[in-house]
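Enquirer: Under the UniProt record's numbering, the first residue of the sequence shown carries the number 1, and numbering increases by one thereafter.
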Amino acid sequence: MTPSFNKIHNRFKFNGHHFSHEELKEVAYSLIKEGQPFSQTMGDFLTDWLNNDDFLFVNTSGSTGQPKRIKLQKQAMVNSAIATGDFFGLKPGDTAMNCLPSHYIAGKMMLVRAMILGLEIDCVEPSTHPIFDYEKPYDFCAMIPLQLKHTINYTQNVKTIIIGGSKITQPLVEKIKVSTSLFYETYGMTETVTHVALKRLESKAHKGESVFTALPEVTFKQDERQCLVINAPNLVEDALVTNDVVDLKSETSFIWLGRYDNVINSGGVKLFPEQIEDKLQEVIDERFIVASEAHDSLGEKLILIIENPRDSIDSFKTRLKHLKGLAKFEVPKDIYTIDRFIETASGKVQRKKTINSVLG
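So this is what it looks like as structure tokens:
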């Protein structure tokens, strides 16, 4: 029997204490009235979750478009929690650590997973460098890449860590390789109630994967643009058409190539900025964006935008010239700099706005 959103698992613990449905309402009220700002936000969500409505409203992050407020069915959130629990084999009494803000879906879903699956969850203040009990064993945790970058030397007691929200940099990938935890990169969005697919990363004790694998009851196909179409009836009513160009391996697996709206056509050659950025990470430490600019003969020419560079443009050009594995048409024709990238409220880079601010 599928759990219902209006039931709290009897093994659920919040910061070390058991709470019933009614008791948790009192906790939420207390968090709103007496808690720190992050606790107040958590209290607001718990209040919304514990009311009699079968839906709630969630804000998208705005990283790939304008932020918007969307309506989610609570039962879809329950179904997402169950699918994640099945994928990772989470069971009642397992421990979880939540360091994500409750403003957005990822932080909300950590709480939902705990309430529905019967997890014992510890919630700490969300920050780019979260402080938690480094000695306590945890079975499950979700982080953004910047949080993992700052805490990876202290995650040896966290069994499984899922990573999402922004791109995982190559330096972080290298640190993950020598860590003993189990790491997964996530694919999903607010509309799909967080992740619908996961890709295991190479670490000291675990072999990495090249493809994203679907959660239970999720299947994929492609449209005429080769973009991913998500069929997840337990999460969204209709098939969801994305702007993510993929190499579809099966109806339950794919390799992500890049965003359709970012694809560059330079002299008849299709270039995926995200793929080129992966290669450039080897020689650029700063944040950067590969983009395009209008060109008379090529149509579009490849450009590179670097945030607050420490070296000269000529130095970067020399590095790119000697970078192995970078094809001739993948070398940026021009390099621009900017003091600071434009970001969303949650810290994600607003790619288009940043590019437009540079090119005018």
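Glycine is no exception: its CB is placed at the ideal position from the N, C-alpha and C atoms.
(1) Keeping to the same chain, check which residues put their C-beta closer than 7 Å to that of Glu-71; ignore five residues upstream and five downstream.
(2) Just the C-alpha distance for Ile-306 and Ile-335, rounded to the nearest angstrom, thanks.
(3) DSSP three-state label for Gly-165, please.
(4) Compare the C-alpha of Trp-49 against each of Ala-114, Phe-88 and Gln-36 and name the closest.
(5) Determine the burial state of Asn-51: buried for a count of at least 16 other Cβ atoms within 10 Å of its Cβ, exposed for fewer.
(6) Going residue by residue through the region 46 to 110, where are the continuous alpha helix (DSSP H) segments of at least 4 residues, counting only ones entirely within it?
(7) Please specify which runs of the beta strand (DSSP E), each continuous and at least 3 residues long, are wholly inside the region 244 to 332, giving them in chain order.
(8) Under 8 Å, do Ser-315 and Lys-301 count as touching if we go by C-beta distance?
(9) Would you mind working out which of Thr-318, Arg-310, Gly-16 and Glu-330 sits nearest Arg-340, comparing C-alpha positions?
(10) Return helix, strand or coil for Ser-181, following the three-state DSSP convention.
(11) What is the DSSP secondary structure of Met-143, reduced to helix, strand or coil?
(12) From what residue to what residue does the beta strand (DSSP E) around Thr-213 run?
(13) Using the DSSP secondary-structure output, state which residues sit across from Ala-205 in a beta bridge.
(14) Quick one: what's got a C-beta closer than 7 Å to Ile-255's C-beta in the same chain, skipping five residues either side?
(15) Below 6 Å CB to CB, which residues in the same chain sit around Asp-94 once its five sequence neighbours on both sides are set aside?
(16) Name the DSSP bridge partner or partners of Ile-121?
(17) Tell me whether Gln-36 is buried or exposed, calling it buried when 16 or more other Cβ atoms sit within 10 Å of its Cβ.
(18) Measure from the alpha carbon of Gln-350 to the alpha carbon of each residue in Leu-90, Val-27 and Gly-165, then state which is nearest.
(19) Between which two residues does the alpha helix (DSSP H) carrying Tyr-336 extend?
(20) Can you tell me whether Tyr-187 is buried or exposed? The criterion is at least 16 other CB atoms within 10 Å of its CB, across all chains shown.
(21) Relative to the C-alpha of Lys-175, which candidate in Lys-74, Leu-201 and Pro-273 has its C-alpha closest?
(22) For the structure I just gave you, are there three or more beta carbon pairs, one from the region 229 to 248 and one from the region 278 to 290, closer than 8 Å?
(23) Alpha carbon to alpha carbon, what distance is there between Lys-348 and Pro-92?
(24) Among Asp-244, Thr-318, Leu-359 and Ile-264, which has the Cα closest to the Cα of Phe-329?
(25) What span of residues does the alpha helix (DSSP H) with Val-27 cover, start to end?
(26) In its own chain, which residues sit with a C-beta less than 7 Å from the C-beta of Arg-319, not counting the 5 before and 5 after it?
(27) Nearest-angstrom Cα distance between Asp-223 and Met-1?
(28) Specify whether the region 40 to 47 and the region 144 to 164 touch according to this definition: at least 3 beta carbon pairs, one from each stretch, less than 8 Å apart.
(29) For Val-218, which option in Val-196, Ile-105 and Gln-147 has the closest C-alpha, if you only look at C-alpha atoms?
Expert: On the basis of the coordinates in this document:
(1) Here residue 71 corresponds to residue number 71 of the sequence shown, with the count starting at 1. The question names Glu, but residue 71 is Lys in the sequence shown. The answer, listed in chain order, is Phe-55 and Phe-57.
(2) Sequence index remark: in the sequence shown, residue 306 carries index 306 (1-based). Sequence index remark: in the sequence shown, residue 335 carries index 335 (1-based). Their Cα atoms are separated by approximately 8 Å.
(3) Start at 1 with the first residue of the sequence shown, and residue 165 comes out as number 165. Looking at Gly-165 - three-state DSSP - the assignment turns out to be coil, as it is neither helix nor strand.
(4) For the purposes of this step, residue 49 is taken as the residue at position 49 of the sequence shown. If you compare the alpha carbons of Ala-114, Phe-88 and Gln-36 with that of Trp-49, the shortest gap goes to Ala-114.
(5) Within the sequence shown, numbered from 1, the residue matching residue 51 stands at position 51. Exposure of Asn-51 is indicated by the presence of fewer than 16 other C-beta atoms within 10 angstroms of its C-beta.
(6) Under the rule that a run must span 4 or more residues, the alpha helix (DSSP H) segments found entirely inside the region 46 to 110 read 74 to 88.
(7) DSSP runs (the beta strand (DSSP E)) wholly in the region 244 to 332: 253 to 259, 264 to 266, 269 to 271, 288 to 295 and 299 to 307.
(8) On the sequence shown, position 315 is the one that residue 315 refers to. On the sequence shown, position 301 is the one that residue 301 refers to. Taking 8 Å as the Cβ cut-off, Ser-315 and Lys-301 do not qualify as a contacting pair.
(9) As a position in the sequence shown, residue 340 is number 340, starting the count at 1. Among Thr-318, Arg-310, Gly-16 and Glu-330, the Cα nearest to that of Arg-340 belongs to Arg-310.
(10) Here residue 181 corresponds to residue number 181 of the sequence shown, with the count starting at 1. Judged by DSSP in its simplified three-state form, Ser-181 adopts coil rather than helix or strand.
(11) Numbered from its first residue, the sequence shown carries residue 143 at position 143. If DSSP states are grouped into helix, strand and coil, Met-143 belongs with the strands.
(12) Locating residue 213 in the sequence shown gives position 213, where the first residue counts as 1. Bounds of the beta strand (DSSP E) holding Thr-213 are 212 to 214.
(13) Walking along the sequence shown from the start, residue 205 turns up at place 205. Answer is none; Ala-205 lacks a bridge partner.
(14) Residue numbering aside, residue 255 sits at position 255 when the sequence shown is read from its first letter. The answer, listed in chain order, is Ser-210, Val-211, Val-246, Asp-247 and Lys-249.
(15) For this step, residue 94 is matched to residue 94 along the sequence shown. Taken in chain order, the residues that qualify are Leu-119 and Asp-139.
(16) Numbered from its first residue, the sequence shown carries residue 121 at position 121. Ile-121 pairs with Phe-14 and Ala-96.
(17) Taking the sequence shown and counting its residues from 1, the one referred to as residue 36 is at position 36. It counts as exposed.
(18) Residue mapping note: residue 350 aligns to position 350 of the sequence shown, counting from 1. For Gln-350, the closest of Leu-90, Val-27 and Gly-165 by C-alpha to C-alpha distance is Gly-165.
(19) Taking the sequence shown and counting its residues from 1, the one referred to as residue 336 is at position 336. Going by DSSP, Tyr-336 is part of no alpha helix (DSSP H) but of the beta strand (DSSP E) stretching over 334 to 338.
(20) Stepping through the sequence shown from its first residue, residue 187 is reached at position 187. Burial state of Tyr-187 is buried, judged by a 10 Å Cβ sphere holding 16 or more other Cβ atoms.
(21) On the sequence shown, residue 175 is found 175 positions in, with the first residue counted as 1. The shortest C-alpha separation from Lys-175 is found at Leu-201.
(22) Result no; under three Cβ-Cβ pairs closer than 8 Å.
(23) On the sequence shown, residue 92 is found 92 positions in, with the first residue counted as 1. On the sequence shown, residue 348 is found 348 positions in, with the first residue counted as 1. Going by the C-alpha atoms only, they are around 34 Å apart.
(24) Within the sequence shown, the letter at position 329 stands for residue 329. When C-alpha distances from Phe-329 are compared across Asp-244, Thr-318, Leu-359 and Ile-264, the shortest belongs to Ile-264.
(25) For the purposes of this step, residue 27 is identified with residue 27 of the sequence shown, where counting begins at 1. Start and end: 21 to 34.
(26) In the sequence shown, the residue the question calls residue 319 occupies position 319. Excluding sequence neighbours, Arg-319 sits near Val-283.
(27) Residue mapping note: residue 223 aligns to position 223 of the sequence shown, counting from 1. Residue mapping note: residue 1 aligns to position 1 of the sequence shown, counting from 1. Between Asp-223 and Met-1, the C-alpha separation is close to 35 Å.
(28) Contact fails: fewer than three Cβ-Cβ distances are below 8 Å.
(29) Counted from its first residue, the sequence shown places residue 218 at position 218. Among Val-196, Ile-105 and Gln-147, the Cα nearest to that of Val-218 is on Val-196.
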